[in-house]
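Just below is one structure, and these are the notes that go with it.
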Amino acid sequence: FIQTDASINPGNSGGPLLNINGDLIGINTAIYSKAQGIGFAIPINRAKRVISDLILYGEVHTAWTGIWVQDLDRGLARYLKAPIDQGVLITDIDRNSPAEKAGLRPGDIITNVGGRRVSSRDEFHAVIRDFSVGTRIPITFWREGGEQTVRIEAKSFPENLAEELAYKLLGVQVADLSLTRRYRFHISASEGVVLTRLKPGSYLERIGARPGDVIRQVNEVVIKTVDDFKKAVVKYRERNSLVILIQRGRYQYFVAVKI
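Heads up, the sequence shown is in this note's numbering, so the first residue is 180 and it goes up one at a time.
Put into structure tokens, the structure is as follows:
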């Protein structure tokens, strides 16, 4: 977001943010309620990309590279014998992804994406989101004593990986609420998807979730089908956590799952 001290209220939220030359630089979006005169706007370049996706596809297509990263601290940098303490560490690469085809691998340290330095996981994902599907993104990384640069073609997230992604992030497999499953698990919920498998040691298993529980909501998305669940996981895959509404019998509870 662009932070601004221009007054933003319900009347002009969604309106234009202009600079002193009258150039459109953002779309007014939110205010910080605890402080006077602090507002936030979506940068216009990002808004233009969203508009283009809506016109072409009817929905926003987020660039996918297949790269999983974590923050790099000084301790990790020393352990990896890297002469840098800013960047993000690759922890995993999706199979058949653009990153895998470009030769990136776990243990590489990304320092620059598209000409912009990155120093955190959130910053890395924010930069990637600025690129459109089909763009070739230059990525600079450190490996074995030297820096290298590759160009990765951003793709749309493949639908066939959504189920694998849900198991990777949350450690769950789900199914639609068929009559057979309602009877088998004694489910009273009218909507949602039923948990059929939990990965041993996953967070949801540790807090007591079990097969037969029903997922009703993921963040702001109401879940009615497995397709809804997959789309929500893909949509929010770059967040630090997901808030999930689970129902068991007549009782519902929210849980925040760090990813």
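Just so you know, even glycine gets a beta-carbon here, dropped at the ideal spot from N, CA and C.
Provide the residue(s) that pair with residue i in DSSP beta bridges, ordered along the chain.
{"i": "R296", "result": "N291"}
{"i": "N207", "result": "A220"}
{"i": "V372", "result": "D355, I394"}
{"i": "R284", "result": "Paired residues: none, contrary to the question."}
{"i": "F320", "result": "I289, Q327"}
{"i": "V400", "result": "V397"}
{"i": "D271", "result": "W247"}
{"i": "R315", "result": "E332"}
{"i": "Q182", "result": "F219"}
Could you have a look at residue i and say whether DSSP puts it in helix, strand or coil?
{"i": "L356", "result": "coil"}
{"i": "S231", "result": "helix"}
{"i": "A226", "result": "helix"}
{"i": "G254", "result": "helix"}
{"i": "A427", "result": "Checking the displayed sequence, the identity of residue 427 turns out to be Arg instead of Ala. R427: strand per DSSP, three-state reduction."}
{"i": "P195", "result": "strand"}
{"i": "Y382", "result": "helix"}
{"i": "F433", "result": "strand"}
{"i": "K409", "result": "helix"}
Does the ligand PLP have even one heavy atom less than 6 Å from the beta-carbon of residue i?
{"i": "S420", "result": "Looking for the ligand PLP in the displayed structure turns up nothing, as the structure carries no ligands at all."}
With a threshold of 7 Å on Cβ separation, who are the neighbours of residue i within its own chain once the five nearest residues in sequence on each side are excluded?
{"i": "A185", "result": "L196, G218"}
{"i": "Y432", "result": "I425"}
{"i": "A256", "result": "I263, D264"}
Could you name the residues of the same chain whose beta carbon sits closer than 6 Å to that of residue i, not counting the 5 residues immediately before and after it, in chain order?
{"i": "G266", "result": "L251, I288, I289, T290"}
With residue i and residue j assumed to form a contact (beta carbons below 8 Å), what rounded beta-carbon distance in angstroms separates them?
{"i": "V292", "j": "I263", "result": "With 8 Å as the limit, V292 and I263 do not qualify as a contact, their Cβ atoms being about 15 Å apart."}
{"i": "H240", "j": "V306", "result": "Going by Cβ atoms, the distance from H240 to V306 rounds to 17 Å, so no, they are not a contact pair."}
{"i": "V353", "j": "V372", "result": "4 Å"}
Hey, is residue i's beta-carbon within less than 7 Å of any beta-carbon in chain D?
{"i": "Q396", "result": "Of the protein chains in this structure there is only one, and it is not chain D."}
Does the distance from the C-beta atom of residue i to that of residue j stay below 7 Å?
{"i": "V386", "j": "I423", "result": "Sequence check: residue 386 is Ile here, not Val. No, they are not a contact pair."}
{"i": "I272", "j": "G245", "result": "yes"}
{"i": "P277", "j": "K334", "result": "yes"}
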